[in-house]
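Asks: Numbering (this note's numbering), first residue to last: 775 to 906.
By construction, the Cβ of each residue, glycine as well, lies at the ideal position given by its N, Cα and C atoms.
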């Protein structure tokens, strides 16, 4: 567990996100693996900028350019349960640090630096397409 938010950049963590359960007609929460790509502050508490990691079983829901596929070996290295998994470079969101488990699933920047650079490039390309 790190005491500095910046130490989480490049790492896969589990973040808690709200959703509406149609069966119970109530708000619930689920834990989702997420790649931390930024933080707003040098100290906790703060917001993290993350990219969600999903299994996306329905191929028609995958974006051909911005969903980065992680193969079975990469998923094992990052301790992800589902292979393949996809880092959704066009689904950037923020999550408060209190909604993030401090345990790191995997360090993509250290263990898969070429993959990390490719994800950064895809995110940058997507970001450039905004406001135009």
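1. Could you check what DSSP says for residue 850 in three-state terms: helix, strand or coil?
2. Looking at residue 788: is its Cβ nearer than 8 Å to the Cβ of residue 879?
3. Using alpha carbons as the reference points, say which of 830, 889, 824, 831 lies closest to residue 791.
4. So which of 889, 843, 818, 830 has the shortest CA-CA distance to residue 784?
5. Report, in whole angstroms, the separation of the C-beta atoms of residue 862 and residue 816, which I expect to be a contact under 8 Å.
6. Would you call residue 797 buried or exposed, if buried means 16 or more other Cβ atoms sit within 10 Å of its Cβ?
Replies: By the coordinates alone:
1. Here DSSP, grouped into helix, strand and coil, assigns residue 850 to helix.
2. Using a Cβ distance threshold of 8 Å, residue 788 and residue 879 count as a contacting pair.
3. Among 830, 889, 824, 831, the Cα nearest to that of residue 791 belongs to 824.
4. Out of 889, 843, 818, 830, 889 has the C-alpha closest to the C-alpha of residue 784.
5. Residue 862 to residue 816, Cβ: 27 Å. No contact.
6. It is exposed - the Cβ of residue 797 has fewer than 16 other Cβ atoms within 10 Å.
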